[in-house]
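K.L.:
Residue numbers (this note's numbering), protein chains in the order written: chain C, 63 to 536; chain Z, 84 to 716.
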Amino acid sequence: MNLSLLKLEIATAGLAMLVLMLDVFTRRDDKRFLGAISAAGLTAILAWSFWGGMVEGAGFHGMWINDALALFFKRLFLIATILVTVMSVGFAGKIESGVGEFFALILFACTGMMLTASVSDFVMLFVALELVTVSFYILTSFLRRQVASLEAGVKYLILGALSSAFLVYGITFIYGATNTTSFAGLAEFLSAKGATGLVLLGVLLVLAGLGFKVASVPFQIWVPDVYQGAPSPVTAFLAVGSKAAGFALLLRLLYGGLLPMKATWVALIAVLAAVTILYGNLAAIPQKNIKRLLGYSSISHAGFLLLGVAAATAFGTGAVLFYLFAYVFTTLGAFLVIVCLAHATADDEIASYAGLARRSPLLAAAMTVALVSLAGVPPMAGFFAKFLVLSAVIGQQLWWLAAVGAVGVVASLYYYLGVVKAMYWQEPRDEGAIAVSLPMKATLWCVMGATLLIGVYQGPFVAWAFDVAGRFMK
Amino acid sequence: MDDVTGLLWRILAGPLCAAVVIVLICRRSPFYADFSPVMERTAGPVIAIAFLLGSTVFAWLALDAVKAGNVMTSPTYRFLDVGDLEVNVNWSLDRLSVMMAMIVCVVSLCIFVYSVGYMHGDPGINRFFAKLSFFVFSMLGIVFSGNLVMMFVFWELVGVSSYLLIGYWYQRPAAAEAGKKAFIVNRIGDFGFLLGILLVWNVTGSVDFSDIRNYLKVHSHEIGGGVLTIAALLIFCGAVGKSAQLPLHVWLPDAMEGPTPVSALIHAATMVAAGVYMLCRVSFLVFASPAAMDVIAWIGGLTALLSAVIACQQNDIKRILAYSTLSQLGYMVMAVGLSVPQVNGYMPAMFHLSTHAFFKALLFLSAGSVIIGFHHGEQDIWKMGGLWKKMPITTACFTVGLLALTGFPGLSGFFSKETILGLAHERNDDLFVLAAVTAGFTSFYMFRLLFVAFLGQPRSEAAGKVKESPWVVLGPLIVLAILSVIGGYTWMGIPGWLVGEKGLSEVPAGGNVLALAMLAFVMGLALAFAFYYGEPAEDPIKTKFPLLHTILWHKFGFDEFYLALVKYVQGGLAALCDLVDRWVIAGLGVRGTAAVAQTLGKMLQLFQTGNLQTYAFLFAAGLVIILYYVVMQ
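(1) Taking C-alpha atoms, which residue in C/E489, C/L315, C/W507 and C/A512 lies nearest to C/L187?
(2) List in chain order: all unbroken alpha helix (DSSP H) runs of 4+ residues lying wholly within the stretch 275-311 of chain Z.
(3) Using a Cβ-Cβ cut-off of less than 7 Å, list which residues of the stretch 273-304 of chain C approach chain Z; keep chain order.
(4) Does C/G470 get closer than 7 Å to chain Z when you measure Cβ to Cβ?
(5) Of the choices Z/L136, Z/L331 and Z/A356, whose alpha-carbon is the least far from that of Z/I225?
(6) Taking any Cβ of chain Z, which residues in the stretch 319-332 of chain C have a Cβ under 8 Å from it, in chain order?
(7) Do you know whose CA, among C/L131, C/D129 and C/A101, lies nearest C/L140's CA?
(8) From the beta carbon of C/P348, is the nearest beta carbon of chain Z less than 7 Å away?
(9) Shorter than 7 Å from the beta carbon of C/I339 to some beta carbon of chain Z?
(10) Does the separation of the CB atoms of Z/S390 and Z/G484 fall below 7 Å?
(11) If you check the beta carbons only, do C/G4 and C/A388 fall under 7 Å apart?
(12) Assuming Z/I454 contacts Z/T343 under a Cβ cut-off of 8 Å, what Cβ separation, rounded to an integer in Å, is found between them?
(13) Under 7 Å between C-beta atoms, does C/K217 make it to chain Z?
(14) For C/Y341 and Z/T353, I'd like the C-alpha separation in whole angstroms.
(15) Can you have a look at Z/V443 and say buried or exposed, based on whether 16 or more other CB atoms are within 10 angstroms of its CB?
(16) Which two residues bound the contiguous alpha helix (DSSP H) that contains C/I456?
(17) With C/I127 as the anchor, note down where its beta strand (DSSP E) starts and where it stops.
(18) Using only CA atoms, which one of C/L221, C/G357, C/F184 and C/L460 lies nearest to C/G247?
(19) Can you round the beta-carbon distance between C/L369 and C/L475 to whole angstroms, since I take them to be within the 8 Å contact cut?
(20) Compare the beta carbon distance of Z/L436 and Z/V359 with 7 Å and say whether it is the shorter of the two.
(21) Can you tell me whether Z/C660 is buried or exposed? The criterion is at least 16 other CB atoms within 10 Å of its CB, across all chains shown.
(22) In chain C, which residues lie less than 8 Å from Z/A699 when you measure between Cβ atoms?
(23) Mapping DSSP to helix, strand and coil, what is Z/M84?
(24) Along chain C, which residues have their Cβ under 8 Å away from the Cβ of Z/L163?
(25) Which two residues bound the contiguous beta strand (DSSP E) that contains C/E489?
(26) Between Z/A145 and the rest of its own chain, which residues show a CB-CB distance below 6 Å, the 5 nearest in sequence each way excluded?
(27) Between which residues of its own chain and Z/L95 is the CB-CB distance below 6 Å, once the five residues before and five after are set aside?
(28) Taking Z/A184 and Z/F237 to be in contact with their CB atoms under 8 Å, please state how far apart those CB atoms are, rounded to whole angstroms.
(29) Under the rule that 16 or more other beta-carbon atoms within 10 Å means buried, what is C/I361, buried or exposed?
(30) Check the Cβ-Cβ distances between Z/G718 and every residue of chain C, and say whether any is below 7 Å.
(31) When you check each C-beta in the stretch 341-375 of chain C against every C-beta of chain Z, which residues fall closer than 8 Å?
(32) Can you pull the chain Z neighbours of C/L262, defined as C-beta to C-beta under 8 Å?
(33) Measure from the C-beta of C/A426 to each C-beta in chain Z and report whether the shortest distance is under 7 Å.
(34) Report the option in Z/V419, Z/A546 and Z/T477 whose CA atom is closest to the CA atom of Z/L514.
(35) What is the DSSP secondary structure of Z/V172, counted as helix, strand or coil?
(36) What do you get for C/D409, buried or exposed, if any count of 16 or more other CB atoms within 10 angstroms of its CB means buried?
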């Protein structure tokens, strides 16, 4: 038992405990202070990961692996969680009770995500995944008096439980057939005996459970309802953190355990990617609610990310990592604006965004940068991300898949720019400037700057992602 | 070595910082309400000049560093890395770039100071200086770029700042139009440039100057000669646009709608020279293809002659100078095309570029000084006259610039022009004749300008009332006049500096060349004297040779031809495209596709019932489909 491998996770969980305890001693009006503490703590942990907080190596009887990929994802989750926490501080006014728990649950979810980055065993996979999911069950329904939030929570709980059930069911099949729960053992079995009936069934069930996490078709059906109903910071966290965790697990499983049956999963994931891109982008077109729209958009991005996975090369994996990195800033930028507007327009309808440029130029600009980046327009981060996944697919000569991706990009321009059009060229429903607090302003500028920086000066980021991918695939 | 890199960043950062600072703080603001008037009027110019002065000092230091042999191998930052394409942020710091930077800085500095007087009282003066500083930044970026992609980026930035400055008085329709024209015409050239960059990258596998140079050194025989020629010519397209060579020269005269300091800085001394500079920078590529060099030389020569002829019948003082600029740029381009790589390389072109920067800036600024005298109201030389009495210093400076331009012995232009003529004499007789004739025309139109506008008696009421300009205007004129005189001498060392360690080989500008050049100069002067010295009320050529006048007045009809081209050919194509667009693309394509997409979207929405049982069912059904798909595979 080498606990030093778990330093970062232990620190994050400890921070969550600390927040829970401090909650008891904090006056009702000072609860935002807890958010500041957790953001500061997370920043410290992030900094620690650069100076000694990360020990490379494997441990716990092969259940746990700390490598470059793990580190990449852990930092990604930490950054995302910091931004979500800052966002939640701005949102705290809308939460009638349990603000302390809200922050603590976010931290627990973050701990779970960080666990997923190092998973190399099915038992560990289940534990990590459930830590994330259970935290999200509560977070989704946190606005207890709002029917929408409750409904979202219930739907997420039941469908999530269903997917977990499939997942565990799959794990039992795999264990039954191979007598092991480790990825390496599975790989050994597969290369010796091939994917026989029971193992194949088990693997597909596990993949279905992960498909639920990343919101890939046909397991995407929960996304729009839950995204719309959940509190905005939670939706953002779902879109960014939960999805990235799904991809971390997917990469770990596919390359750690399923490499011998690569041909099978490449064919499957290619088809799923294509269908997911088409579904997400087409269904987004008639949407009228911004959070629902972003839900469909999140499905389509899952499709684009799967393109990189389907390429099954180091380039493809690097593209996925870069995509996730760019996606964090871009998506959180959009949700930051939604949170800032939560007090001015309660309904999140796109129609309420009409004329936003006149009421708050900063918010309109930040939203535009985010949406344009999501659509993949240069010079934003999203452009380069899409460019990389598409070139990864083209590099594998999967032309039809690239063509589907291109169709998806074109369709997405329509609904993203529809929002931009509303913000800049439509008459506002009501006049009056919208006040944005200073920390939120600063965060908005940071996220906007990051989206542009990653797009314009992508060299070091691409090099980083590809370096990680190269070391992971070796 | 690090020292040099630091210098370079500082040279570049100066004008950029100035532009940013001016935009950010030089305005009315509650933070410094008491200083608002100062901030709105005075701060911009002061900041811009101070930062530029810093850059000039650093450029001077860089000159010393390069002299000491510190050619930079700078740390490079990876900017773009996709597949085989790798673009770094790297700089080239060598004799060529440092000298060009020095010229840009010195001339800009003179013009910045001058602009304080010229733009006095203009409400947008801060905006003007911010744009001007941004231009200098972009220009220095071109100068120091270490690879084609970076050069292209700065190339476009220069295009944008030129557009902004030509249209500075955006309230005037003519200025806005001219800005647009300059931008669009330049785009045509830039398109070729971009294709050229792609081709060069494709052939040599790199966009980095030093890599391409090394590659060509070894492999130039393996590449088909045709490919190299095409690549060189495509890159030359960029120079044709920026340096306003035939057939893309039409934008430059119109660009004179901008404020005169802009005309002097951008459209005479620096930006238009960027094309020539770029050719010198990629000279290893140009020199690798003799066929491309021929084309370049001829285009340059023809531009030189044609513009000189047109200039003979223009009446706007700035337009005459604009055509003269075209003509001199033609000389430089021709010199690049005629270069002998082993002997002096691109030296003749760059030498003329340097002296031209001084005396053409001087001429424009003198013209600007005259325009100030007329309170920005008159630019027609036939309404001027007799200025020498009222504006003696301006007239003297203008005359110095004129003599330098026409190649009067002892002034800077004489040396550089002789170098080019000598080169032409040695390499290509046809072009030598062409260049000599051009020199004759140059002398003719410049003395015409001098006789009509500056000498004699005032031709209008306004011309009788002009006053000499203030010292802030005259100071830069005098500095530039001194530079125009001394710029060509050996002890100034421009040609020697350019050739570097190899040492200068004498261009055999023998007695014949000198005699012919002098003959051309005297002929031009004599003709101008005969036609214009007797203070005719209107142009005698107009009355005596109406046909010639009409042709020249219409500038050989280039503008009309392009307009017709746009109107009929492009217009016709556009109408056709419009039909296709309206019925096929919009009707079937867009609306059809949109309808399909919308319908599909709505159909997909049907799955989204909101009903949990349905969702669970769909989840399981999806799983079954996947199982079926994988097992059946």
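For each residue, glycine too, the CB sits at the ideal point set by N, CA and C. None of these values were measured; they are calculated from a predicted model.
P.N.:
If we stick to the structure as given:
(1) Nearest option by C-alpha distance: C/L315.
(2) 292-302
(3) P280, F281, I283, W284, P286 and D287
(4) No, because no Cβ of chain Z sits closer than 7 Å to the Cβ of C/G470.
(5) Z/A356
(6) T326, A329 and L330
(7) C/A101
(8) yes
(9) Chain Z, which has no Cβ nearer than 7 Å to the Cβ of C/I339, makes this no.
(10) The answer is no: Cβ separation not under 7 Å.
(11) Given a span of 63 to 536 for chain C in the structure shown, any question on residue 4 of chain C remains unanswerable.
(12) 6 Å
(13) Chain Z, which has a Cβ nearer than 7 Å to the Cβ of C/K217, makes this yes.
(14) Cα to Cα, the separation comes out at about 55 Å.
(15) Note that residue 443 of chain Z corresponds to Lys in the displayed sequence, not to Val. Classification of Z/K443: buried, given that the 10 Å Cβ count is 16 or more.
(16) A443 to G457
(17) W126 to N128
(18) C/F184
(19) Actually they are not in contact, since the Cβ atoms of C/L369 and C/L475 sit about 18 Å apart, beyond 8 Å.
(20) yes
(21) exposed
(22) I220, L221 and L224
(23) Only weak support is given to the placement of Z/M84: the predicted model assigns it a pLDDT of 45, under 50, and the value that follows is read from those uncertain coordinates. If DSSP states are grouped into helix, strand and coil, Z/M84 belongs with coil.
(24) Q520 and G521
(25) First-last for C/E489: undefined, no H or E at that position.
(26) L90 and V181
(27) L223
(28) About 13 Å; that fails the 8 Å criterion.
(29) The Cβ neighbour count for C/I361, taken over all protein chains shown within 10 Å, is at least 16; the residue is labelled buried.
(30) Outside the displayed span of chain Z (84 to 716) sits residue 718 of chain Z, for which this structure offers no information.
(31) Y341, L344, A345, A346, I347 and P348
(32) V713 and V714
(33) no
(34) Measuring from the Cα of Z/L514, the nearest candidate turns out to be Z/V419.
(35) strand
(36) Answer is exposed; the Cβ neighbour count stays below 16.
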